[in-house]
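> Heads up: the sequence shown at position 128 corresponds to 128 in full-length UniProt numbering, and the numbers run straight through without jumps.
First the structure, then my questions, so here it is.
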Amino acid sequence: MGRTFLDDFDAEKKKRRRNREVVHIAEDTSRGDSQEELEDNWDSDVEQQETLSQNHSLDIDESTNSVECLSKLATNVRNASDKELQLVLTACIGRFSQKDLDRLLTTYDDPCFFNSGCSNSNKNEGSSSLKPFIIRNIGFNLTSAKRNESLISLPSGCQFYMSQILSNYEASNFTSSEYKNHGKSIIRRVFSVVCKKDLFFPAYSASENSHAYCSLGSTFFTKVTNFLINGFNQEHSDEVEIYTIRMCRDAVGNLIDRVRRQFVVLHPETNAEQLAIELKSLLAKHGNVPNTIEFYPEHDEYDLASTSSGNY
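What follows is the structure, given as structure tokens:
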């Protein structure tokens, strides 16, 4: 790897120190601090910068343009602390335009930004980080997924088959070589359509121990997990099932969070907690009344952006 812009930043930092120009990185530095204290703070920040450079190499040289820089930077700051993020952004000064920096500052925590900015990076990571118990190079097969498919039931009583929502064309985009990313994409595709049919969707929770919301329950996630495992023609081993359940809970939980935020915007007079109270009251009075819903993929559009995920 050639000389990176972090190396340039480090050299420029030493030059500034020789000229006794102290750069204030931490915004909360007191005006009354002495010159010695400022230098100590700077030395501490330099050590953190060097550690960050070693642990999270951005692999950016002088020929890398700002768009590529943003994509690579997004991958590394995704799990960074506020302090680490501040240090990396400081290193970017001089390389990015103010417009680039403003965009990064306002969107670095937006899942849509990471999903679009790092699509190529995620694609490369998918195969290399694939778990050893996952059989790769198997395209998602709707016929296999429909075999022994279970009817999905939601707390509100809505019932449906996941295979109703996916078309063969959509299924052709998914492969077990990207098991985690593509499995989550299938879940987002299916339940972004379901949430339009079920008015109580914002009141659900992927957690088993939620008191404010209505838990989807273990049976729900087991059925979704089996649909994915069968569709990708994977073995029904304990490892695969546990891994897939975690993946499903993460994807569904993130989608519910997004739906709740949209719900509050569209219904400012109420909130998801009150919606959950209403659902619990209805269930207490009438029980879970089955309500089978039909889906017509050609009339449903996937208009909810995808979410970030953590690595397992």
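Don't be surprised by glycine CBs; every beta carbon is placed ideally from N, CA and C.
All values derive from a computational prediction rather than experimental measurement.
Is residue 200 near residue 275, with beta carbons less than 8 Å apart?
Working through the sequence shown from its first residue, we reach residue 200 at position 200. Working through the sequence shown from its first residue, we reach residue 275 at position 275. Closer than 8 Å, so yes.
> What are the boundary residues of the beta strand (DSSP E) that includes residue 133?
What you label residue 133 is simply residue 133 of the sequence shown in a count that begins at 1. First-last for residue 133: undefined, no H or E at that position.
> What residues match up with residue 274 in a beta bridge as DSSP calls it?
Looking up residue 274 in the sequence shown gives position 274. Residue 274 pairs with nothing; no bridge assigned.
> Could you tell me whether the region 134 to 146 touches the region 171 to 178, where touching means 3 or more Cβ pairs closer than 8 Å?
Taking a cut-off of 8 Å on C-beta distances, the region 134 to 146 touches the region 171 to 178, as three or more cross pairs fall below it.
> Per DSSP, what kind of secondary structure is residue 152 in: helix, strand or coil?
Translated into positions along the sequence shown, residue 152 becomes position 152. Three-state DSSP puts residue 152 in a strand.
> With a 10 Å radius around its C-beta and 16 neighbouring C-beta atoms as the bar for buried, classify residue 184 as buried or exposed.
Locating residue 184 in the sequence shown gives position 184, where the first residue counts as 1. Counting Cβ neighbours within 10 Å, residue 184 comes out buried, since at least 16 surround it.
> Would you check if the distance between the CB atom of residue 159 and the CB atom of residue 153 is smaller than 8 Å?
Numbered from 1 along the sequence shown, position 159 holds the residue referred to as residue 159. Numbered from 1 along the sequence shown, position 153 holds the residue referred to as residue 153. A contact, by the Cβ cut-off of 8 Å.
> For residue 265, count the other beta carbons within 10 Å of its own beta carbon; 16 or more makes it buried, fewer makes it exposed. Which is it?
For the purposes of this step, residue 265 is identified with residue 265 of the sequence shown, where counting begins at 1. With fewer than 16 other Cβ atoms within 10 Å, it is exposed.
> Have a look at 249, 225, 250 and flag the residue whose alpha-carbon is nearest the alpha-carbon of residue 146.
The count along the sequence shown starts at 1 and reaches residue 146 at position 146. Nearest of 249, 225, 250 to residue 146, Cα basis: 225.
> How about residue 273 and residue 212: are their beta carbons less than 8 Å apart?
Residue mapping note: residue 273 aligns to position 273 of the sequence shown, counting from 1. Residue mapping note: residue 212 aligns to position 212 of the sequence shown, counting from 1. Yes, they are a contact pair.
> Report whether the distance from the Cβ of residue 235 to the nearest heavy atom of the ligand ZN is below 7 Å.
Because no ligand of any kind appears in the structure shown, any question about the ligand ZN cannot be addressed here.
> By the 10 Å Cβ neighbour count, where 16 or more other Cβ atoms means buried, how is residue 218 classified, buried or exposed?
Within the sequence shown, the letter at position 218 stands for residue 218. Classification of residue 218: exposed, given that the 10 Å Cβ count is below 16.
> Where does residue 151 land, buried or exposed, given buried means 16+ other C-beta within 10 angstroms?
Locating residue 151 in the sequence shown gives position 151, counting from the first residue. Exposed, by the Cβ-count rule.
> What number of angstroms, rounded off, separates the C-alpha of residue 236 from the C-alpha of residue 222?
Here the question's residue 236 lines up with position 236 in the sequence shown. Here the question's residue 222 lines up with position 222 in the sequence shown. Straight-line measurement puts the Cα of residue 222 at about 12 Å from the Cα of residue 236.
> Taking buried to mean at least 16 other C-beta atoms within 10 Å of its own C-beta, is residue 35 buried or exposed?
What you label residue 35 is simply residue 35 of the sequence shown in a count that begins at 1. Confidence at residue 35 is low in this model, with a pLDDT of 49, below 50, so the placement of that residue is unreliable and no value is reported for it.
> Just how far apart, CA to CA, sit residue 188 and residue 230?
As a first step, residue 188 is located in the sequence shown; it is residue number 188 there, counting from the start. As a first step, residue 230 is located in the sequence shown; it is residue number 230 there, counting from the start. Cα to Cα, residue 188 sits roughly 18 Å from residue 230.
> Going by beta carbon distance, what residues of the same chain come within less than 6 Å of residue 214, once the five residues before and after it are set aside?
As a first step, residue 214 is located in the sequence shown; it is residue number 214 there, counting from the start. Excluding residues within five positions, the ones whose Cβ falls inside 6 Å are 155, 203, 204, 276, 279.
> Could you give the DSSP three-state label for residue 160: helix, strand or coil?
Sequence index remark: in the sequence shown, residue 160 carries index 160 (1-based). Residue 160 falls in the strand class under three-state DSSP.
> By Cβ distance, which residues of its chain are closer than 6 Å to residue 283, with the 5 residues on each side in sequence left out?
Translated into the one-based positions of the sequence shown, residue 283 becomes position 283. Cβ neighbours of residue 283 beyond the five flanking positions: none.
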